[in-house]
Amino acid sequence: MSSSFHASTVDWLGCWIAAGQVKPGETLKVEADLGEQLGVSRTVIREAIKTLVAKGMLEVGPKVGTRVLPVRRWNLFDPQVVGWLSRSGLPENFVDDLLDLRRTIEPMAVRWACERATVEQVQAVLQAYNALERAVDSGVDYNRADQFFHECILAASHNQFIEQMVPALGALLAVSFEVSAADPDELRRTLPIHKDMAEAIAARDAARGVWACMTLIDNADLAIKRFYPKVMADKKAG
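Written as structure tokens, this is what we have:
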């Protein structure tokens with residue numbers, strides 16, 4: 001079985017399910033029909049279904065066939081699952097839950113980064129901020145630079161659970177940044193707050209760092225509430 005066939009089939013099925021083409025509780029087409037539709041063998045379909053079962057999206061049973069599970073059962077810490085959901089527009093409650101998650105994890109990660117970051121990690125955070133500043137001035141991919149900045153801080157927390165969650169948290173952060181950055185003034189308005197956070201980590205000033213982090217998340221919340229409908233409408237139109 002070609003790995004490229006497998007990967008593309010998993011991606012197509014995952015995106016198709018995440019877009020709501022098959023509702024939770026409904027059964028997928030039989031493997032032969034899906035294979036004919038996608039131009040791949042039943043073996044490829046079967047292996048793709050196993051992958052989506054492992055991601056919590058599908059359930060296979062002898063009497064019920066292959067059923068789609070509710071989103072709450074999906075592995076939302078899987079970057080691929082988050083990517084599929086974000087392609088078709090996330091429900092507003094998902095974004096609200098994401099902001100709650102950020103409020104739960106990021107301020108403590110900043111505090112621990114202030115206390116535990118190595119000299120090299122402090123330099124990495126400062127360099128990531130400089131790249132963020134350049135991205136605002138040059139108009140290049142600000143969201144990716146912003147995501148990398150936050151990933152550097154999460155890694156500097158020296159908490160092994162948070163470190164293992166960095167890839168998934170990065171994907172979730174990207175969703176949050178995509179929506180909040182729809183505000184054309186948001187980028188320059190929040191740049192000084194990012195600087196505060198980076199300088200606080202360098203100065204080992206946990207109180208200043210946590211304040212800056214919470215301020216950033218609150219700003220993102222306000223921007224999302226203002227611009228969420230437009231971003232989602234653009235996604236669906238595209």
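In the UniProt record's numbering, the protein residues as written are 1 to 238. All C-beta atoms in this analysis are idealised placements derived from N, C-alpha and C, irrespective of residue type, glycine included.
Are the region 116-131 and the region 197-206 touching, with three or more C-beta to C-beta distances below 8 Å? By the criterion of at least three beta-carbon pairs nearer than 8 Å, the region 116-131 is in contact with the region 197-206.
Note the first and the last residue of the continuous beta strand (DSSP E) segment covering V60. On the sequence shown, residue 60 is found 60 positions in, with the first residue counted as 1. Here the beta strand (DSSP E) through V60 covers L58 to G61.
Spatially closest choice to N219 from D78, R103 and L169, by CA coordinates: Along the sequence shown, read from residue 1 onward, the residue named residue 219 stands at position 219. The shortest CA-to-CA distance from N219 to any of D78, R103 and L169 is the one to R103.
Beta strand (DSSP E) runs wholly inside the region 101-189, at least 3 long, in chain order: Complete beta strand (DSSP E) runs here, min 3: none at all.
Using the three-state DSSP reduction, which class does G209 fall into: helix, strand or coil? Start at 1 with the first residue of the sequence shown, and residue 209 comes out as number 209. The three-state reading of DSSP puts G209 in helix, counting H, G and I together.
Three-state secondary structure assigned by DSSP to V53: As a first step, residue 53 is located in the sequence shown; it is residue number 53 there, counting from the start. Assigned with DSSP and collapsed to three states, V53 falls in helix.
Is the CB-CB distance between V44 and V53 below 9 Å? On the sequence shown, position 44 is the one that residue 44 refers to. On the sequence shown, position 53 is the one that residue 53 refers to. With contacts defined by Cβ atoms closer than 9 Å, V44 and V53 do not form a contacting pair.
Please determine if the region 8-26 and the region 71-90 are in contact, where contact requires at least 3 C-beta pairs separated by less than 8 Å. Yes, they touch.
Supposed close pair P173, H194 - CB separation, criterion 8 Å: The count along the sequence shown starts at 1 and reaches residue 173 at position 173. The count along the sequence shown starts at 1 and reaches residue 194 at position 194. Looking at the sequence provided, one finds Leu at residue 173 rather than Pro. So it is not a contact: roughly 13 Å between Cβ atoms.
Starting from T66, trace the beta strand (DSSP E) both ways and give me its first and last residue. Against the sequence shown, residue 66 aligns to sequence position 66. Counting along the chain, T66 sits inside the beta strand (DSSP E) bounded by residues G65 to V68.
Can you tell me whether L90 is buried or exposed, with buried defined as 16 or more other CB within 10 angstroms of its CB? As a position in the sequence shown, residue 90 is number 90, starting the count at 1. Classification of L90: buried, given that the 10 Å Cβ count is 16 or more.
Using CA coordinates, which residue listed in L216, A223 and D205 is at the minimum distance from C114? Within the sequence shown, numbered from 1, the residue matching residue 114 stands at position 114. Cα-wise, what sits closest to C114 is D205.
Answer with buried or exposed for N192, where buried requires no fewer than 16 other C-beta atoms within 10 angstroms of its C-beta. Here residue 192 refers to the residue found at position 192 of the sequence shown. Checking the sequence shown, residue 192 turns out to be Pro, not Asn. Exposed, by the Cβ-count rule.
Sub-9 Å separation of R67 and L76 beta-carbons: For the purposes of this step, residue 67 is taken as the residue at position 67 of the sequence shown. For the purposes of this step, residue 76 is taken as the residue at position 76 of the sequence shown. No, they are not a contact pair.
Identified DSSP bridge partners for T27: For the purposes of this step, residue 27 is taken as the residue at position 27 of the sequence shown. DSSP, once it has assigned bridges, lists R67 as partnering T27.
When you compare the CB of V44 with every CB in chain C, is at least one pair closer than 9 Å? The structure shown contains no chain C; it is built from a single protein chain.
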